[in-house]
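**Q**
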Amino acid sequence: MNQNPSSLSAARWSISTVFLLNGAGIGLWAAHVPVVQARLGIDLATLSMVLLTIAAGALLAMPLMGGFTARWGTRRMTLLSGFAFAALLAVLMGVSDLRLLFVAAFAFGVSNGALDVAMNANASEVEAARGIPTLSSIHGFYSLGGLIGAALGGLVIGQGWGDGKGAMAMGIATAVALALVAPRVMAFAPTHEAGSHFQLPRGAALSLGLLALLCFAVEGALVDWSALLMQERTKAVPAQAALGFSAFSIAMAACRFAGDRMILRFGAMRVMVLGGLAMFAGLATAVLSTHFLLSAAGFALIGIGAANVVPLLFGAASRIPGMSAGAGVAAVATLGYGGLLLAPPVLGYIASHASIMVALGMLSLSGLVIAMSAGIIKVKSTPTT
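Each residue of the sequence shown is one higher than the last, beginning at 255 in this note's numbering.
#1: Which of helix, strand or coil does DSSP assign to Ser335?
#2: Can you give me the C-alpha to C-alpha distance between Thr638 and Val380, rounded to a whole angstrom?
#3: May I have the straight-line CA-CA distance separating Gly529 from Gln485, to the nearest angstrom?
#4: So, under 8 Å CB-CB, Ala475 and Leu614 are touching, yes? Tell me the CB distance rounded to an integer number of Å.
#5: Where Ile269 and Val439 are concerned, what is the direct C-alpha to C-alpha distance, given to the nearest angstrom?
#6: For Gln291, name the three-state secondary structure that DSSP assigns.
#7: Take the Cβ of Trp283 as the centre, count every other Cβ of all protein chains shown within 10 Å, and call the residue buried at 16 or more, exposed below.
#8: Closer than 7 Å by C-beta to Gly449: which residues in its own chain qualify, once you throw out the five before and the five after it? Chain order, please.
#9: Measuring CB atoms only, is the stretch 384-396 touching the stretch 497-514, in the sense that at least three cross pairs come out at less than 8 Å?
#10: So, at 6 Å on beta carbons, what are the nonlocal neighbours of Ile558 in its own chain, with the 5 sequence-adjacent residues on each side left out?
#11: Quick check on Ser350: does DSSP put it in helix, strand or coil?
#12: From which residue to which residue does the alpha helix (DSSP H) around Trp326 run?
#13: I want to know whether the stretch 355-371 touches the stretch 323-343 - three or more CB-CB distances under 8 Å.
#14: Provide the residue span of the alpha helix (DSSP H) that contains Met523, from first to last.
#15: Taking contact to mean 3 or more Cβ pairs, one atom from each stretch, closer than 8 Å, check whether the stretch 589-608 and the stretch 485-498 are in contact.
#16: Put Val380 into one of helix, strand or coil per three-state DSSP.
#17: Ignore the nearest five residues each way along the sequence and tell me which others in Ala554's own chain have a CB closer than 8 Å to its CB.
#18: Please classify Asn376 as buried or exposed, where buried requires at least 16 other C-beta atoms within 10 Å of its C-beta.
#19: Can you tell me where the alpha helix (DSSP H) holding Gly580 begins and where it ends?
#20: Between Tyr591 and the rest of its own chain, which residues show a CB-CB distance below 7 Å, the 5 nearest in sequence each way excluded?
#21: Give me the Cα-Cα distance between Phe520 and Ala340, rounded to the nearest whole angstrom.
#22: In angstroms with no decimal places, state the Cα-to-Cα distance between Ser627 and Val290.
#23: Here's a check: name, in chain order, each residue in its chain whose Cβ is nearer than 6 Å to the Cβ of Gly416, leaving out the five neighbours to either side.
#24: Taking one C-beta from the stretch 290-307 and one from the stretch 405-412 each time, how about it: are there three or more such pairs within less than 8 Å?
#25: Closer than 8 Å by C-beta to Ile624: which residues in its own chain qualify, once you throw out the five before and the five after it? Chain order, please.
#26: Enumerate in chain order the residues of its own chain whose CB-to-CB distance from Leu398 is below 6 Å, with the five nearest sequence positions on each side excluded.
#27: Specify, as a first and last residue, the run of the alpha helix (DSSP H) that Gly425 falls within.
#28: For Val345, name the three-state secondary structure that DSSP assigns.
#29: By alpha-carbon positions, which one of Ala441, Ile426, Gly425 ends up nearest to Arg325?
#30: Out of curiosity, what's the CA-to-CA distance linking Leu274 and Ile556?
#31: Quick check on DSSP: helix, strand or coil for Ser461?
#32: Look at Ile402 and Ala278 and say whether their C-beta atoms are less than 7 Å apart.
#33: Can you tell me whether DSSP reads Thr388 as helix, strand or coil?
#34: Work out the CA separation of Leu619 and Leu601 for me, nearest whole Å.
#35: Could you check the C-alpha separation between Val272 and Ala608 for me, to the nearest Å?
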């Protein structure tokens with residue numbers, strides 16, 4: 255595709271729409287989890303296995319996508335995995351057989367993991383072609399999509415479409431929206447370089463991946479433990495306790511849309527340092543506060559701090575010398591996703607032997623590590639041919 259300003263602008267908004275659709279799909283699925291559980295009559299243990307199956311599929315796909323994107327290009331793999339994601343989203347939300355649920359869960363996880371790597375690699379290429387910070391606002395569309403998807407899922411279920419009809423409609427709508435933007439998703443020449451195949455993270459990829467693991471660990475911990483912390487520490491009722499994660503999510507989305515301008519003005523390294531410090535201060539505030547509003551403010555501060563860390567890490571991963579953009583993003587995304595999965599049970603173990611306050615207090619140190627390691631994002635670009 256011709257990389258003139260108008261085509262680059264179209265490419266930016268097209269890949270942003272892909273991020274929006276992916277986030278909306280995850281939000282839709284999150285809203286349908288209780289409906290699927292009730293429809294199939296499964297207990298919490300079985301539901302946990304279903305969710306773990308989704309994660310296993312994603313973790314299998316992510317490291318493999320580095321080679322696929324290098325061989326066939328980020329555009330092709332983004333669209334292929336995107337259409338698979340839309341179809342499997344409908345199947346997953348509408349399934350009525352337990353065995354099929356596990357098959358659909360694994361396949362959905364594969365498609366989501368593949369899409370995550372492919373679209374981030376394409377977005378990184380768009381940012382490199384534009385020559386200005388772009389990834390943070392693109393990630394903002396994912397966050398916005400999650401909020402829209404969760405709200406839309408609640409509306410669909412509230413209208414009595416939780417029996418599978420709504421799932422089919424949402425899957426078709428996602429596929430149609432993806433088809434509309436597909437022509438504008440920018441195609442970059444496949445790299446076919448030595449560093450495009452799967453390889454264990456090492457050097458810069460390992461360092462970036464470990465920082466991503468810490469950032470995703472914070473997010474994973476808040477999903478499972480924020481409401482419980484607020485109830486235990488501030489004596490908040492369930493409705494008040496839900497404000498914690500909501501404040502985190504909204505603050506993250508808003509700050510991501512402002513992230514590109516912040517990076518242009520203050521520099522990527524300074525934004526990451528301040529982000530890590532904000533994560534530390536936010537977690538400390540949330541853990542130590544005895545009033546639910548102050549605790550919610552702490553969670554919002556975490557969202558502000560974490561908002562631009564992952565986009566900066568993915569952008570740096572796409573520029574690792576000797577690795578294709580897809581391979582770099584795949585390595586970092588795989589480690590990051592591992593943090594999202596491992597943090598909740600590990601913190602649960604610590605909480606069971608100490609307290610939630612101790613567990614999340616220890617996690618607050620992640621912010622300090624991120625702030626002190628901000629220099630790692632100064633990865634020099636690999637020359638393109």
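Glycine included, C-beta positions come from ideal geometry on N, C-alpha and C.
**A** Let me spell this out:
#1: Residue state for Ser335 is assigned as helix, using DSSP reduced to three classes.
#2: Caution is warranted here: a pLDDT of 39 is assigned to Thr638, below 50, making its placement in the model unreliable, and no coordinate value can be reported.
#3: It is roughly 27 Å from the alpha-carbon of Gly529 to the alpha-carbon of Gln485.
#4: With a contact defined as Cβ atoms closer than 8 Å, Ala475 and Leu614 qualify at about 7 Å.
#5: Rounded to whole angstroms, Ile269 and Val439 show a C-alpha spacing of 6 Å.
#6: Helix at Gln291.
#7: Result: buried.
#8: Bear in mind that a pLDDT of 48 at Gly449, under 50, signals an unreliable position, so the number given afterwards is only what the model happens to contain. So the list reads Gly576, Met577, Ser578, Ala581, once near-sequence residues are dropped.
#9: The stretch 384-396 is in contact with the stretch 497-514.
#10: Leaving aside the five residues that flank Ile558 on each side, the residues in its chain whose CB is nearer than 6 Å to its CB run, in chain order, Ala505, Cys509, Ala532.
#11: In the displayed model, Ser350 falls within coil according to three-state DSSP, outside both helix and strand.
#12: Taken as a continuous stretch (DSSP letters only), the alpha helix (DSSP H) holding Trp326 covers 298-326.
#13: In short, these stretches touch, since the Cβ pair count reaches three.
#14: Segment 522-542, the alpha helix (DSSP H) holding Met523.
#15: Look at the beta carbons and you see the stretch 589-608 not touching the stretch 485-498: under three pairs across the two are nearer than 8 Å.
#16: The answer is helix: DSSP assigns Val380 an H, G or I state.
#17: Excluding sequence neighbours, Ala554 sits near Ala501, Phe502, Ile504, Ala505, Gly536.
#18: Buried, by the Cβ-count rule.
#19: Taken as a continuous stretch (DSSP letters only), the alpha helix (DSSP H) holding Gly580 covers 579-607.
#20: Only Ala312, Leu313, Met316, Phe470 meet the Cβ criterion.
#21: If you take the alpha carbons of Phe520 and Ala340, they lie about 38 Å apart.
#22: The alpha-carbon atoms of Ser627 and Val290 are separated by roughly 42 Å.
#23: Contacts found: Val289.
#24: Contact between the stretch 290-307 and the stretch 405-412 is absent, because fewer than three Cβ pairs lie under 8 Å.
#25: Counting only Cβ-Cβ distances below 8 Å, and skipping sequence neighbours, we find Leu465, Leu468, Cys469, Met526, Gly529, Gly530, Met533, Val563.
#26: Its chain contains Ala507 as the residues whose beta carbon lies nearer than 6 Å to that of Leu398, once the 5 sequence neighbours on both sides are disregarded; these appear in chain order.
#27: Gly425 -> alpha helix (DSSP H) spans 419-435.
#28: Secondary structure at Val345: helix, using DSSP grouped into helix, strand and coil.
#29: Nearest of Ala441, Ile426, Gly425 to Arg325, Cα basis: Ala441.
#30: About 22 Å.
#31: Here Ser461 sits in helix by DSSP.
#32: With respect to the 7 Å criterion, Ile402 and Ala278 are classified as neighbours on the basis of their beta carbons.
#33: The three-state secondary structure of Thr388, taken from DSSP, is coil.
#34: Between Leu601 and Leu619, the alpha-carbon positions lie close to 13 Å from each other.
#35: Across the structure, Val272 and Ala608 are spaced so that their CA atoms are roughly 42 Å apart.
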